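A quick write-up on the structure given underneath.
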Amino acid sequence: MIRFSRSAGLRRAVRLSVAAAGAVACAGNVAAQAGATLADLPIEQLLEMEVTTASRFAQKLSEAPSNVSVVTAADIKAFGWRTLADILGSMRGLHTSYDRNYSYLGARGFLRPGDYNTRFLLLVDGNRNNDGVYDQASIGSDFGIDVDLIERVEFVPGPGSSVYGANAFFGVINVITKNGGSMAGPSVALEGGSFGRRKARASYGMRGSGGNELLLSVTGFRERGRDLYYPQFASPDSDGVARGLDHDRGHQVLLKGSTGPFSMSLAHAERGKGVPTASYEQTFNDPRSRTVDVHSAFDVGYRDRLSADADLTARVYWGRHDYQGDYAYTPAPLGVNRDRSRSRWWGAESKLVSAAFDGHKVVVGAEYQRDYRRDQANVDTAPYAVRLDDHRQGYRAGLYAQDEITLRDNLLLNAGVRMDRNDTTGNETSPRVALIHRPAQATTMKLIHGRAFRAPNAYESYYNVAGDGGQKANPALEAERIRSTEASIEQYLNTNSRVLLSVFRNEVSGLITQVVDPVDGMLVYANLERADARGIELELEQVWTGGGKLRASYSWQDTRDRATGRTPPNSPRHLAKLNLSAPIPGRPWLGGLELRYTGRRNTLAGSTGGYLLTNLTLSAVRLAPGLSLSASLYNLFDTRYADPGGEEHLQDVLRQDGRSLGIRMEYEF
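This is the structure we're talking about:
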């Protein structure tokens, strides 16, 4: 059994982290006492917070048919988060992994080896962002939007197929970007940090007469990365150190605007990442090993208020994702094995939200997406040889309806169903029902039940390359399905604090899992597993009127394979999070302390121990007119920890970064 974290070091980190938390908490208390009284923050204000993702229309957080987690732009600055993975990793019930190439997201005990976040639907401003070949939700440095441009992130846990269709399996992520009015005028931002990290952004936003808005932003980043030691590759001919292969570089462009009922957005991002792990049986420490991802998205939307009780929304869109991976198997000057995918899609959707009938809020909608390219190729570059040249097309279409019914002043019934058809699994039906009861002004109780599906993607079904690190196709794959039940109670203790308790059970069948075929040693995807997960989530949130804020959560989750009774890989039983921000008394600075505990996880060959990470950020929003500064220490106590590796890695665990520093400056003209 592999134990990567030492218990003595963990206990030391816990003690020091608790002391740091106490210091920031004291600062928050002092600031709160110096400010207005707690009664100045009415409970109605907290309960009236609106979210849009759970039902595809704006509704109060307390009335949504899910326990939505929300992170704001202020939170992102306070805790120095640099990627969408950082943001999601702070949320209740979620955990992340990183294999030095891509970041992966797990929810309520599930993070399958070989899964490219296909069980999460990623939206940007409500628009689907998963690509056409892998159905990948990109959350690391390959995500196409600079985190500086994020207004807030909403995560809706549980099945969301009743309104979103495929991929809304474990949850829906909606990244809502800023607009020209919220970033009025020109601004620049510069970042630097450990491992040669550099980043620069230039933005311009404006809001004209009549509400017209425009935002243009350009970002570029580079990171040298670390030299990484892998004992699995140590030999008389190698010291086991991958040198100069952890580099990461790219750029992002966002253009969005609106005039009257029309809106438009154009996003483009490119990222190149070195791969130091020698995955898929590559030659170790070969500088040619790298991946490149290119994302583009364009959409035009229309929204019109048909009457006082009805809104019509429609949009057309186009998307692109190109991937290229260079895998080094033969020595230079011979070529590499080059893996490529090209996906292109267009689509249209419309929805009508109506409150014309007393006691009902109805949303009906239709979607159609055509993937006119789902191309996969694999070639040896020198000498040139074609190993895979696969060209396909596909589609998905859906009709959905949902009704929010007011049974009594304090009792809502939210019921919805969606019918989908796609080119791989045919017809799918996904229902969801939620009963939302508010027995008192400060108490909300929810009972939620739903089903969702995920159709196999082109990569899982048709990728077929023989040889070292090869993979077989399996066109007979069927859809995965999940049934989920959740009960929760949310209680506001006073005018500035709340507690959420949630109990859930998930039943998953037909899990598409990447395994090694013992007959030929090749990787293949198969509908092999049925699994059950049950758990409890507890969250506390406290806000001080002086500017302090605390959010803490604990999750216990027990996931079991039905056939073996074993816990699958990368499924921690315990997760704990703490985020505390508070102004420093008498100073223009805000302190942000983050603690993340992830429990022991099984790996493919053993296990990796639990660990506690501590991140500390100091930021000044207005240090001088237009000037903001921040400094962050990540992994403050240099905790040694690792994430489980997948079947494509010789390493059973992949060590993660130690202590690092990040410094950021922004100037608004």
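So the sequence shown is residues 16 to 684, counted in this note's numbering. The beta-carbon is built from N, C-alpha and C at its ideal position, and this holds for glycine as well. For clarity, every value in this text was computed on a predicted model and none was experimentally measured.
Looking at C-alpha atoms only, which residue of ASP337, GLN384, ASP341 is the closest neighbour of HIS331?
According to the sequence provided, residue 331 is Val. The question's His does not apply to it. Checking every option, the nearest Cα to that of VAL331 belongs to GLN384.
Exposed or buried, what is MET64 when buried is set at 16 or more other beta-carbons lying within 10 Å of its beta-carbon?
exposed
List the endpoints of the continuous alpha helix (DSSP H) containing LEU99.
99–104
Can you list, in chain order, the residues of its chain with a C-beta nearer than 6 Å to that of SER202? Leave out the 5 residues immediately preceding and following it.
SER218, GLU683
Paired residues, beta bridge with VAL558 - DSSP:
LYS564
Which word fits ASN509, buried or exposed, when buried means at least 16 other C-beta atoms lie within 10 angstroms of its C-beta?
exposed
Over what stretch of residues does the alpha helix (DSSP H) that includes ILE91 continue unbroken?
88–94
Beta-carbon gap between ASP418 and VAL377 smaller than 8 Å
yes
To the nearest whole angstrom, what separates the beta carbons of ASP547 and ARG588, a pair I think is in contact under 8 Å?
Actually they are not in contact, since the Cβ atoms of ASP547 and ARG588 sit about 14 Å apart, beyond 8 Å.
Same chain, Cβ closer than 7 Å to HIS406, neighbours up to 5 away in sequence not counted
ASP390
Starting from TYR474, follow the alpha helix (DSSP H) in both directions and report where the run begins and ends.
473–477
Close-in-space but distant-in-sequence residues of the same chain around ALA635 (CB under 6 Å, 5 per side omitted)
PRO603, TRP604, LEU644
For PRO172, does the three-state DSSP call read helix, strand or coil?
strand
Simplified DSSP state of GLY607, which is helix, strand or coil
strand
What distance in whole Å lies between the Cβ atoms of ASP658 and GLU669, which are believed to be in contact at a cut-off of 8 Å?
The question names Glu, but residue 669 is Leu in the sequence shown. The pair is a contact, with the Cβ atoms about 5 Å apart (cut-off 8 Å).
Between which two residues does the beta strand (DSSP E) harbouring LEU676 extend?
675–683
Could you give the uninterrupted runs of the beta strand (DSSP E) lying entirely in the stretch 363–423, keeping only those of 3 residues or more?
375–396, 399–405, 409–423
Option in ARG520, ASN521, GLU505, GLU522 with minimal Cα separation from VAL514:
GLU505
Mind checking whether ALA69 and SER81 have CB atoms under 8 Å apart?
yes
Buried or exposed, going by whether 16 or more other CB atoms sit within 10 Å of the CB of VAL518?
exposed
Alpha-carbon spacing of LEU120 relative to ARG134, whole angstroms:
9 Å
Applying the 10 Å Cβ sphere with the 16-neighbour rule, what's the burial state of THR579?
exposed
Please check the pair LEU260 and GLY289, which I expect to be a contact at CB under 8 Å, by giving their CB distance rounded to whole angstroms.
4 Å
Counted within 10 angstroms of its Cβ, other Cβ atoms place ARG423 as buried (16 or more) or exposed:
exposed
Bridge partners for MET279 per DSSP, in chain order?
GLY272, VAL315
What span of residues does the beta strand (DSSP E) with GLN339 cover, start to end?
325–342
Using the rule of at least 16 other Cβ atoms within 10 Å of the residue's Cβ for burial, across every protein chain shown, is GLY272 buried or exposed?
buried
Residue range of the beta strand (DSSP E) that includes SER643:
642–649
Based on DSSP bridge pairs, tell me the residues matched to ALA199.
GLY220
Straight-line gap, THR459 to ARG107 (C-alpha atoms, nearest Å):
18 Å
Tell me the residue span of the beta strand (DSSP E) that contains PRO598.
589–598
If I follow the unbroken beta strand (DSSP E) through MET434, where does it start and stop?
426–437
Taking the alpha carbon of GLU663 as the reference point, which residue from GLN529, ARG353, PRO251 has its own alpha carbon closest?
GLN529
Secondary structure of LEU538, DSSP reduced to three states:
strand
Start and end of the beta strand (DSSP E) containing PRO659?
657–659
Buried or exposed (CB count within 10 angstroms, at least 16 for buried), SER118
buried
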